[in-house]
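Chains as they are written, first to last, in the numbering used here: chain E, 1 to 112; chain S, 1 to 112.
Ideal placement from N, C-alpha and C gives every residue a C-beta, glycine not left out.
If you're wondering where the values come from, they're calculated on a predicted model, not measured in any experiment.
Before any comments, here is the structure.
This is the structure we're talking about:
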């Protein structure tokens, strides 16, 4: 049941851990362009508040889990990720109060 | 260096693994409200394309990593997550071509 499905015999442990490290780097760095976008445009209406509430809670628990098992990799990745997901959440809470999105606003038809 | 920072002696291994499972559940489920939001509103302009390209690549690698180490938990969580992040990416690519966001469009000032 928990036997590796892919043939891990063909990859060294180092190579496998490298895959994990690249995966962790990507899923952490992914939030950077989202943070830049919402803070630059001052618009976050299409962002789901529910997503970022759940995501912040989840990342915080991953950080706690990393601390409990003493994993420097989990602690570092989730510490950085938490900073980024908090930045998106703050943007959402802040910019949704603005009447319009001033920077990236597009001309809208009055007939809608 | 890799000694647990929190006192894991106070928590059983089962309790620690429960924290990890809740964390994994939250960071997977978090995408559900985002998927519902963009497909309902047919608007994804505030969503970062860069975020979801990087996130899909990262989640795919987490899935590969789970297969390589034979972890049913990683495989299940990242399999479900990948389906959800692909759904957001497809919405982004599809709805950004629409001239306006018809459902949630708001009256915009002409004086921008």
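Minimum C-alpha distance to residue i - residue among the options
{"i": "residue 49(E)", "options": "32(E), 99(E), 91(E)", "result": "91(E)"}
{"i": "residue 80(E)", "options": "18(E), 24(E), 17(E)", "result": "24(E)"}
{"i": "residue 43(E)", "options": "10(S), 47(S), 40(S)", "result": "47(S)"}
{"i": "residue 96(E)", "options": "61(E), 41(E), 85(E)", "result": "41(E)"}
{"i": "residue 16(E)", "options": "18(S), 62(S), 29(S), 21(S)", "result": "62(S)"}
{"i": "residue 29(E)", "options": "99(S), 76(S), 56(S)", "result": "56(S)"}
{"i": "residue 13(E)", "options": "68(S), 18(S), 94(S), 93(S)", "result": "68(S)"}
{"i": "residue 22(E)", "options": "94(S), 51(S), 64(S)", "result": "64(S)"}
{"i": "residue 94(S)", "options": "18(S), 27(S), 20(S), 45(S)", "result": "45(S)"}
{"i": "residue 20(E)", "options": "19(S), 98(S), 70(S)", "result": "70(S)"}
Endpoints, the alpha helix (DSSP H) within which residue i is located
{"i": "residue 69(S)", "result": "49–69"}
{"i": "residue 21(E)", "result": "13–29"}
{"i": "residue 72(S)", "result": "72–95"}
Nearest-angstrom beta carbon gap, residue j and residue i [assumed within contact, 8 Å]
{"i": "residue 88(E)", "j": "residue 38(E)", "result": "6 Å"}
{"i": "residue 66(E)", "j": "residue 74(E)", "result": "3 Å"}
Residues of its chain near residue i, where Cβ-Cβ distance is below 8 Å and the 5 sequence neighbours each way are ignored
{"i": "residue 59(E)", "result": "78, 81, 82, 85"}
{"i": "residue 111(E)", "result": "Residue confidence is low: residue 111(E) scores 46 on pLDDT, short of 50, so the model does not pin down where it sits. Its coordinate-derived value is still stated next. So no residue of the chain qualifies."}
{"i": "residue 32(E)", "result": "84"}
Residues near residue i by beta carbon distance below 6 Å, same chain, minus five either side
{"i": "residue 10(E)", "result": "none"}
Contact with chain A by residue i, beta-carbon distance below 8 Å
{"i": "residue 39(E)", "result": "Protein chains E and S are contained in the structure displayed, whereas chain A is not."}
Cβ-based neighbour list, residue i, same chain, cut-off 7 Å, excluding 5 preceding and 5 following
{"i": "residue 98(E)", "result": "42"}
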